[in-house]
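In the working numbering, the protein residues as written are 1375 to 1583. For each residue, glycine too, the CB sits at the ideal point set by N, CA and C.
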Amino acid sequence: MASAQPGVHALKLQPPSVSRTLRNGSNFTKWDEDLSTVTPVTLCVDPHGFYLYWTDQNKETELLDLTLVKDVRTGRSTRTPKEAKLRELLDVGNLVGRLENRMVTVVTASDLVNVSQLNFIATQEEEAKMWCEELFSLASNLLSHNLNRDQSLLKAYVRLTLQPNPEGRIPVKNIFRLFSSDRKRVENALESCRLPYARVPILCLMLTG
């Protein structure tokens, strides 16, 4: 059958599309049962759909590579806090809707063994549902799992810009951490810029590769 096409062409793959709501961010509460901690955060996704990241009240930002996300859950399949103290900290009684329907559980795994969960709670059920649907769509996008060279460089750049220091600059330690497998090339790139390390332009780093 000469007219037959491989399935990947029939899928008409589209790049990730991040909604304005996810780009602008929403207010969530991040909770950890093991540590008995509750932290108000702003949850966001970068415009390219590479990372889920959250910023706390101290302007500290953590991020998660969306290609590591295996599932995003709300409703009965989510993990809800069992500890009474933690439930009290979440102030469950003052929020609208059933607890499990406001939960967003992000399941991550780097392999079949190392599976973990991140737990967030939204203020409304519809908000939790929307975030679950859109995050899972971004995490399962086939193009995100098969980046070309330019997209890989862009992803590295986006990661660095999401965690600046208090002065708004990219810490050199983050560059070394990101490219830890090729430290010598990083050192050569930094030296070739002939600038103080705190002001190293990332584009210069990329072009010297």
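Counting the other CB atoms within 10 Å of its CB gives A1458 a total below 16, which places it among the exposed residues. With respect to N1548, K1404 sits apart: the two C-beta atoms are not nearer than 8 Å. For R1447, the three-state secondary structure derived from DSSP is strand. Burial check for R1533: the Cβ neighbour count within 10 Å reaches 16 or more, so the residue is buried.
In this structure T1441 does not touch S1511 by the C-beta definition: roughly 13 Å separates them, more than the 8 Å allowed. Taken through DSSP and simplified to helix, strand or coil, T1497 comes out as coil. In the DSSP annotation of this structure, L1528 is not part of any beta strand (DSSP E); the continuous alpha helix (DSSP H) holding it starts and ends at R1523 to T1535. A distance below 8 Å separates the beta carbons of E1508 and S1393. If you check the CB distance, V1478 and Q1491 do not come in under 8 Å.
Bounds of the alpha helix (DSSP H) holding F1550 are V1546 to L1552. DSSP, read as helix, strand or coil, puts V1392 in coil. Put simply, the backbone Cα of P1455 is about 46 Å away from that of K1558. The beta carbon of T1482 sits closer than 6 Å to those of L1442, V1443 and S1490, all from its chain and outside the five residues before and after it, given in chain order. Rounded to the nearest whole angstrom, the C-alpha separation of T1413 and R1397 is 20 Å.
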